[in-house]
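Working notes, structure below.
2 protein chains.
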Amino acid sequence: MKATILNIGDEILIGQIINTNSAFISKALNNIGIEVNEILSISDNKKSIINSISRVEKNSEIIIITGGLGPTKDDLTKITLCEYFNDELVLYPDVLNHIEEMFKKYVSTPINEKNRKQAFLPKKAKIYLNNYGTASGMLFKKNKNLFFSLPGVPHEMKMLLNDSVIPELKSKFSLPYIYHKTLLTYGLGESVISKRIESWENNLPENIKLAYLPGLGRVRLRLSSKGVDKKKVIDSVDKQVKKLIPLIDDIYFGDEPSEPLEKIVALNLKKLKKTLSIAESCTGGRLSSRFVEHPGASSFFMGGVVVYSNSSKHNILGLSKKLINKNGSVSSYVSEAMALSVKKKFNSDFGISITGNAGPDIGDLTKKIGSVFIGIATPSIVKSFNYQFGKNREQIIEKSTNKALELLYKEIKSK
Amino acid sequence: MKATILNIGDEILIGQIINTNSAFISKALNNIGIEVNEILSISDNKKSIINSISRVEKNSEIIIITGGLGPTKDDLTKITLCEYFNDELVLYPDVLNHIEEMFKKYVSTPINEKNRKQAFLPKKAKIYLNNYGTASGMLFKKNKNLFFSLPGVPHEMKMLLNDSVIPELKSKFSLPYIYHKTLLTYGLGESVISKRIESWENNLPENIKLAYLPGLGRVRLRLSSKGVDKKKVIDSVDKQVKKLIPLIDDIYFGDEPSEPLEKIVALNLKKLKKTLSIAESCTGGRLSSRFVEHPGASSFFMGGVVVYSNSSKHNILGLSKKLINKNGSVSSYVSEAMALSVKKKFNSDFGISITGNAGPDIGDLTKKIGSVFIGIATPSIVKSFNYQFGKNREQIIEKSTNKALELLYKEIKSK
Chain Z
0 MKATILNIGD EILIGQIINT NSAFISKALN NIGIEVNEIL SISDNKKSII NSISRVEKNS
60 EIIIITGGLG PTKDDLTKIT LCEYFNDELV LYPDVLNHIE EMFKKYVSTP INEKNRKQAF
120 LPKKAKIYLN NYGTASGMLF KKNKNLFFSL PGVPHEMKML LNDSVIPELK SKFSLPYIYH
180 KTLLTYGLGE SVISKRIESW ENNLPENIKL AYLPGLGRVR LRLSSKGVDK KKVIDSVDKQ
240 VKKLIPLIDD IYFGDEPSEP LEKIVALNLK KLKKTLSIAE SCTGGRLSSR FVEHPGASSF
300 FMGGVVVYSN SSKHNILGLS KKLINKNGSV SSYVSEAMAL SVKKKFNSDF GISITGNAGP
360 DIGDLTKKIG SVFIGIATPS IVKSFNYQFG KNREQIIEKS TNKALELLYK EIKSK
Chain E
0 MKATILNIGD EILIGQIINT NSAFISKALN NIGIEVNEIL SISDNKKSII NSISRVEKNS
60 EIIIITGGLG PTKDDLTKIT LCEYFNDELV LYPDVLNHIE EMFKKYVSTP INEKNRKQAF
120 LPKKAKIYLN NYGTASGMLF KKNKNLFFSL PGVPHEMKML LNDSVIPELK SKFSLPYIYH
180 KTLLTYGLGE SVISKRIESW ENNLPENIKL AYLPGLGRVR LRLSSKGVDK KKVIDSVDKQ
240 VKKLIPLIDD IYFGDEPSEP LEKIVALNLK KLKKTLSIAE SCTGGRLSSR FVEHPGASSF
300 FMGGVVVYSN SSKHNILGLS KKLINKNGSV SSYVSEAMAL SVKKKFNSDF GISITGNAGP
360 DIGDLTKKIG SVFIGIATPS IVKSFNYQFG KNREQIIEKS TNKALELLYK EIKSK
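Taken in sequence, the protein lines are chains Z and E. All letters in the first sequence, in the order written, are residues 0 to 414 by numbering that gives the first Met the number 0. All letters in the second sequence, in the order written, are residues 0 to 414 by numbering that gives the first Met the number 0.
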C-alpha cells in the first residue's frame with residue numbers, strides 16, 4: 000500500500016514555513032504499514048492541484064492532501080476537489096452546529112457567512128469533524144483510491160489524522176509491518192564506517208535496507224524492513240544489528256529514536272548519583288540548554304556559567320588573568336581551569352568546559368578559528384582535549400557541544 | 000523563471016527528518032526572483048529519480064536536486080544523473096586533491112577507495128567544490144534546463160547553494176524582483192479578519208496576492224508581488240499595506256522580522272554601546288546560546304549563568320536563601336534579584352533573567368507549571384514580568400526565551 004502526501008500552500012513554496020506536517024504524516028503512515036512514495040508541495044491554485052492529483056493517483060492508492068481549507072479567498076482546495084470528483088457542495092447541519100458551538104466557546108464574535116460557508120461540504124465525501132477548528136476533514140473515493148483532505152494548520156491536521164484518518168485506514172486494509180532501527184555512532188565519517196562494515200553490509204538479506212545518515216560529528220545507520228509477520232520482521236533486523244554492533248563497538252552510542260545523547264548521559268549520571276556543572280565559552284550555553292530541555296535535569300545538573308569574555312573567566316570563575324594571557328583563552332590550561340573551577344563553584348562531581356574560537360573573526364584570540372578545547376574535571380582528575388572543527392560558526396558550536404557530550408559519556412561509562 | 004526542488008532520500012519519506020533544506024532553498028531562490036513551482040521528495044532509487052526528473056524538467060527551467068551524493072551504497076544520485084544525461088564519470092584531480100586535504104586536516108584516517116570514488120564525477124557537468132564535505136555540487140545542462148545536484152547534509156547544501164548556485168543563476172539570468180511582506184496579527188481568527196478587510200482585499204491590484212496564514216492565537220497576512228522594477232514592486236505593496244494597517248490597527252503587532260529577534264536586539268545594543276549579561280534557570284542557557292550563535296556577540300554579551308538549582312541561585316548569584324524560600328524560586332523577587340546580580344557580577348549595562356517552572360513535575364516549586372518570571376535590570380531600574388506558557392516543556396522554554404527577547408527589545412528600543 001503506497002501513499003502520496005500533497006501539501007497545498009504558497010507559504011511552503013516561498014520558504015516561509017518549514018513543512019513539518021509531512022514528516023508527521025509519513026511517520027504515522029509508516030507506523031501502520033503504509034509506505035510514502037512521494038511528498039509533493041504545490042501552489043494554491045486550481046490547475047496545480049488538479050494536475051498533481053490526477054498524476055499521483057496513478058502511483059498511490061492513498062493520497063493525503065493538506066492545506067487550503069480555510070474560510071478565505073486564497074483557500075481553493077475544497078472547491079477544486081469538488082470539481083475534480085464531480086461533487087457538489089451541500090449544507091451539513093451537524094457541521095454548522097459544530098462551528099456555531101466552537102464560536103460560542105472560544106470566540107467573542109458571532110459566526111459570519113465565511114464561517115457558515117465552511118459547513119457547505121461535498122455531498123458524496125465522508126466528513127470528519129475538526130475539534131480544533133472550523134475546517135472539516137474529507138474523504139473522497141475514486142476507483143481504488145482514497146483521497147483525504149485535511150487542514151494545513153499543524154495541530155488541526157494532527158488531530159484529524161490520528162483520530163480519523165489512521166483508524167479509517169486500519170479498518171479498511173490489512174497492512175504489513177514496517178520496522179526501522181537506527182543506530183547512533185559518533186566520531187567516524189560514513190566512508191570509514193562503510194568500509195569497516197562492508198562485508199556485513201554486502202551480506203545483508205534482500206529485504207533489509209541499510210541507510211547512512213550523516214550529521215555533524217555523527218552518522219546514523221538505519222536498517223529498514225517490512226513484512227506481514229511483525230515478529231519475523233523485527234527478529235530479522237535485530238539479528239543483523241547483533242552482528243553489526245561488535246563491528247562498531249567503539250563508536251556506537253545507542254539506538255534512535257530512543258534518546259538524544261544528552262539524555263543518555265543524564266541517565267548515566269543519575270544511575271551513578273553524580274552531579275554535573277558546565278562552563279561554556281564559545282558554545283554560549285548550548286550544552287547546558289541541551290540538558291535542561293529534558294525533564295528531570297534538576298536531579299544531576301547543578302548549573303553552569305557562560306564566560307564569554309576573558310574578564311568573566313577571571314571575575315566569575317576566578318581564573319588567573321596572567322595565566323589566561325600567557326596561555327590564551329583557547330588553551331588546555333583555560334579549559335582545565337574552567338572545568339575545575341565550575342565544578343568547585345557549583346559543588347558538583349563532574350565539571351565540563353568548552354572554550355574555542357567560533358569565528359568568523361580571529362579577534363584577540365591566539366588560536367585559529369575552529370580550534371576548541373574541552374576540559375573534563377572528574378572527582379579525581381582533570382584533563383583536556385583539543386579539536387579542529389572547521390570554519391563555520393554554527394558547525395563549530397554544534398560539533399563542540401556534541402563532542403563534549405561524547406567525551407562525558409565515555410568518561411562516566413567507564414565508571 | 001520557475002524552479003522545482005527535488006529531495007532524494009528515504010529519511011524524508013519515513014518522517015525520520017524534517018525537510019528544512021527545501022524552505023532554505025525556496026527562500027534563497029525567491030530572494031533572487033525565481034519562483035518555486037513544486038517541492039518534491041522521493042525515494043533513493045533510480046526509477047523514482049529518473050521519472051521525477053523527466054517530468055519536472057517540462058515545468059521548470061531550474062531543478063535543484065538534493066541528497067544521495069554520499070560515498071555509501073545507498074547513494075545513487077550521481078550515477079543516476081550520469082546515466083540520465085548520457086555522461087560518464089571521470090577523475091577530477093583537483094577534487095581528489097581537495098578530498099585528500101580535507102582528510103589530512105580533519106580526519107585521522109587516510110582516505111579510502113570510497114572517498115576516492117567521490118572524485119569521479121560526470122565529465123560534462125560543471126563541478127563545485129564542497130568546502131565542508133567530500134560530495135561535490137554538480138550542474139548539468141539540457142536544452143533550456145539547468146539541473147543542480149547538491150548534497151543533502153544541510154550545512155553542505157547551504158554553503159554550495161549560497162556560494163555557487165545563487166551566483167551562477169544571478170550571472171546567467173536577468174531576474175525579476177519578488178517581494179513578500181507579512182503582517183503579524185494577534186487575537187482574531189482569519190474569517191473575522193477577512194470579513195473586516197473584505198472591501199480592501201477585493202480592490203487589491205491583480206499583481207498583488209494576499210494569503211492568510213493562521214497559527215496558534217495569531218494570523219499572518221502576507222502580501223506578495225513581483226516585477227522587473229524593484230522600487231515599483233515594493234511601492235505598490237507598501238501602498239496597500241498603508242491602507243490595510245488602519246483596518247487592523249487593534250490586532251496588528253508588527254511585520255514579520257527579516258532577522259531573528261536576537262540579532263535585532265544585538266544590533267540595538269551595539270548601537271547604544273551597551274552590554275548584556277543573562278541569568279537563566281528554566282531555559283537552561285538557551286537565551287545565552289541564541290546570542291552567541293551570531294558572530295560579533297563579544298562586543299555586547301558579557302556572559303551568563305545557568306542557576307538551575309536553588310543552591311546555585313544562592314552560591315553563584317548570592318541571592319538570600321531566606322528570601323528564595325520565602326518567595327519561592329519562581330517569583331518576582333527571585334527574577335529581579337537574578338537580573339540585578341548577574342548585571343553586577345558581569346559588570347554589564349543590562350541584566351536579564353528567566354526563572355520558571357517548565358514541568359512536567361511541580362517538584363519543590365511553589366508555582367504551577369508554565370509560570371515564568373522574566374526580570375530586566377537596566378542601568379537605572381529593575382522590573383519583572385509574569386507569564387503562563389502552558390504545559391509543554393519545550394514550548395515553555397522556547398516561549399520564555401522569545402518573550403525575554405521581546406521584552407529586552409522593547410526596553411532598549413525606548414532608549
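Just so you know, even glycine gets a beta-carbon here, dropped at the ideal spot from N, CA and C.
Residue range of the beta strand (DSSP E) that includes residue i
| i | result |
| --- | --- |
| Ile16 of chain E | Run containing Ile16 of chain E: none; DSSP gives neither H nor E here. |
| Phe372 of chain E | Ser370 to Ala376 |
| Met0 of chain Z | Taken as a continuous stretch (DSSP letters only), Met0 of chain Z belongs to no beta strand (DSSP E), as it is neither H nor E. |
| Ser148 of chain E | Asn144 to Leu149 |
| Asn114 of chain E | Counting along the chain, Asn114 of chain E falls outside any beta strand (DSSP E), though it belongs to the alpha helix (DSSP H) covering Glu112 to Lys116. |
Residue i versus residue j: straight-line alpha-carbon distance, rounded
| i | j | result |
| --- | --- | --- |
| Tyr45 of chain Z | Ser148 of chain Z | Correcting the residue identity first, residue 45 of chain Z is Lys in this sequence and not Tyr. Cα-Cα distance, rounded: 15 Å. |
| Lys225 of chain Z | Asp162 of chain Z | 25 Å |
| Glu87 of chain E | Ile62 of chain E | 20 Å |
| Tyr307 of chain Z | Ala296 of chain E | 9 Å |
| Asn36 of chain E | Val333 of chain Z | 53 Å |
| Ile233 of chain E | Glu255 of chain E | 16 Å |
| Arg219 of chain E | Ser25 of chain E | 19 Å |
| Lys461 of chain Z | Pro109 of chain Z | With chain Z covering only 0 through 414, there is no way to say anything about residue 461 of chain Z. |
| Glu10 of chain Z | Glu205 of chain E | 19 Å |
| Tyr91 of chain Z | Ile126 of chain E | 58 Å |
| Ile353 of chain E | Cys281 of chain E | 7 Å |
| Leu68 of chain E | Ser47 of chain E | 16 Å |
| Asn385 of chain E | Gly374 of chain E | 9 Å |
| Ile177 of chain Z | Met0 of chain Z | 11 Å |
| Gly32 of chain E | Val227 of chain E | 9 Å |
Residue i - partner residues in DSSP beta bridges
| i | result |
| --- | --- |
| Asp254 of chain E | E:Leu182 |
| Asn6 of chain Z | Z:Ser40 and Z:Thr65 |
| Thr500 of chain Z | An answer regarding residue 500 of chain Z cannot be provided, because it is not within the stretch 0 to 414 covered by chain Z. |
| Lys125 of chain E | E:Leu138 |
| Gln387 of chain E | E:Ser370 |
| Leu187 of chain Z | None; Leu187 of chain Z has no bridge partner. |
| Glu34 of chain E | E:Lys1 |
| Pro213 of chain E | E:Val218 |
| Ser223 of chain Z | Z:His179 and Z:Lys208 |
Where residue i falls, given that 16 or more other Cβ within 10 Å makes a residue buried
| i | result |
| --- | --- |
| Pro378 of chain Z | exposed |
| Val236 of chain E | buried |
| Lys169 of chain E | exposed |
| Asn6 of chain Z | buried |
| Val152 of chain E | buried |
| Arg221 of chain E | buried |
| Tyr131 of chain E | buried |
| Ser53 of chain E | exposed |
| Pro166 of chain Z | exposed |
| Pro359 of chain E | exposed |
| Val417 of chain E | Summary: the structure shown does not reach residue 417 of chain E, with chain E confined to residues 0 through 414, and so no result is reported for it. |
| Glu112 of chain E | exposed |
| Lys422 of chain E | Summary: the structure shown does not reach residue 422 of chain E, with chain E confined to residues 0 through 414, and so no result is reported for it. |
| Asp248 of chain E | exposed |
Chain Z contact residues for residue i, given Cβ-Cβ distances below 8 Å
| i | result |
| --- | --- |
| Asp73 of chain E | Lys208, Leu209, Ala210 and Tyr211 |
| Asn111 of chain E | Ser190, Val191 and Lys194 |
| Asn267 of chain E | Under the 8 Å cutoff, chain Z gives no residues; its nearest Cβ is about 19 Å from Asn267 of chain E. |
Residue i: first and last residue of the uninterrupted alpha helix (DSSP H) it sits in
| i | result |
| --- | --- |
| Leu339 of chain E | Ser331 to Lys344 |
| Val240 of chain E | Lys229 to Leu243 |
| Glu167 of chain E | Ile165 to Lys171 |
| Leu266 of chain E | Leu260 to Leu271 |
Within chain Z, partners of residue i - CB distance below 9 Å
| i | result |
| --- | --- |
| Asn391 of chain E | Here the premise fails: no neighbours, minimum Cβ distance about 11 Å. |
| Leu68 of chain E | Per Cβ cutoff of 9 Å: no residues; Leu68 of chain E is ~11 Å from chain Z at best. |
| Tyr251 of chain E | In chain order: nothing, as chain Z lies at least about 17 Å away. |
| Glu37 of chain E | Leu12, Leu39, Ser40, Ile41, Ser42, Ser47 and Ser51 |
Contact with chain C by residue i, beta-carbon distance below 8 Å
| i | result |
| --- | --- |
| Asn314 of chain Z | No chain C is present in this structure, whose protein chains are Z and E. |
Contact list for residue i against chain E, beta-carbon separation under 7 Å
| i | result |
| --- | --- |
| Asp9 of chain Z | Ala210 |
Amino acids of chain Z, ordered along the chain, whose beta-carbon sits closer than 7 Å to that of residue i
| i | result |
| --- | --- |
| Phe23 of chain E | Gly14 |
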